[in-house]
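Scroll down for the structure; my scribbles are underneath it.
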Ligand SMILES: NC(=O)c1ccc[n+]([C@@H]2O[C@H](COP(=O)([O-])OP(=O)(O)OC[C@H]3O[C@@H](n4cnc5c(N)ncnc54)[C@H](OP(=O)(O)O)[C@@H]3O)[C@@H](O)[C@H]2O)c1
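Numbering (the numbering used here), first residue to last: 16 to 269.
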């Protein structure tokens with residue numbers, strides 16, 4: 016039996032876990048940070064909560080006799096990815112990352128690229144605007160520094176405490192978000208700027224396409240740097256690597 020630990024919190028991690036768990040010779044555990052109040056069912060055994068840094072994760076890998084670590088966390092969850100690479104090195108456990116490619120701007124997109132959410136708040140400028148914040152709840156508080164704007168804030172869990180700004184509306188929702196719905200939302204609230212991460216993937220691309228169609232500016236927070244480790248771009252690619260990974264050398268035909 017090969018023990019596989021998947022660091023998750025993404026749709027792809029859940030899909031990958033389901034796919035690998037069908038193999039009788041794999042024992043798959045999915046790890047979540049434990050931030051979401053009601054995470055959707057993952058379909059495989061789950062553990063939740065931090066490990067206590069790279070050292071804690073390295074210890075866990077040893078205690079649980081993990082044979083392979085898969086980092087399938089969100090591209091903006093940089094700390095856990097750095098910890099995972101370091102823990103794998105410490106514990107001598109192989110690691111592979113699942114990294115979905117970022118979105119690229121196409122004709123008609125009005126993207127302003129920034130390096131952080133703090134910069135995104137500054138990039139909105141001084142004149143009042145109607146802003147759709149689609150960055151999740153954890154860093155929404157940063158926009159208190161720009162209270163002149165009206166905000167529509169969407170997150171999976173409530174933003175608590177609410178922002179200390181005069182005008183903010185809150186929307187609780189979990190993707191996927193189709194383009195037509197996103198367009199209707201942008202029109203309903205008269206949005207003239209959208210703040211987003213470059214998450215990549217189809218599930219949250221709708222807002223990008225809708226903003227393009229309506230000629231709305233997007234303030235895009237660039238991806239953070241991530242450890243340089245072996246990676247795949249899709250669930251199928253990664254599953255294929257894992258299959259190959261555990262085959263006896265003689266059967267690989269290499
Ligand atoms: N950042 C985003 O935009 C975003 C979007 C969608 C989903 N997510 C998911 O939400 C989770 C938290 O994101 P974040 O940006 O707060 O991460 P982060 O800043 O990289 O991680 C902060 C700490 O949370 C713990 N942690 C994170 N992911 C974990 C996991 N899968 N299993 C166990 N512990 C984990 C670790 O604690 P210890 O050091 O104590 O081990 C880590 O040091 C991630 O799993 C990510 O995949 C993030």
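Just so you know, even glycine gets a beta-carbon here, dropped at the ideal spot from N, CA and C.
When DSSP assignments are scanned along the segment 183-227, the uninterrupted stretches of alpha helix (DSSP H) that are 4 or more residues long and fall wholly within it turn out to be 194-203. When C-beta atoms of the segment 73-85 are compared with those of the segment 17-37, three or more pairs fall below 8 Å, so the two segments count as touching. Assigned with DSSP and collapsed to three states, residue 86 falls in strand.
Secondary structure at residue 165: strand, using DSSP grouped into helix, strand and coil.
In this structure, residue 31 and residue 87 form a Cβ contact; the two beta carbons are roughly 6 Å apart against a cut-off of 8 Å.
By alpha-carbon distance to residue 137, the top candidate from 154, 161 and 252 is 161. Residue side-chain check: residue 156 keeps its Cβ at 7 Å or more from all non-hydrogen atoms of ligand 1. With a 10 Å radius around the Cβ and a threshold of 16 neighbouring Cβ atoms, residue 232 comes out buried. Within a 10 Å sphere around the beta-carbon of residue 24 sit 16 or more other beta-carbons, which makes this residue buried.
Here residue 81 carries a coil assignment [DSSP, helix/strand/coil].
Taking 8 Å as the cut-off, the Cβ atoms of residue 171 and residue 210 do not count as close.
The criterion of a C-beta distance shorter than 8 Å is not satisfied by residue 224 and residue 248.
With contacts defined by Cβ atoms closer than 8 Å, residue 250 and residue 101 do not form a contacting pair. If you check the C-beta of residue 46 against ligand 1, you find a heavy atom less than 7 Å away. Contact between residue 236 and residue 135 holds, since their C-beta atoms are separated by about 6 Å, short of 8 Å.
A distance below 8 Å separates the beta carbons of residue 141 and residue 163.
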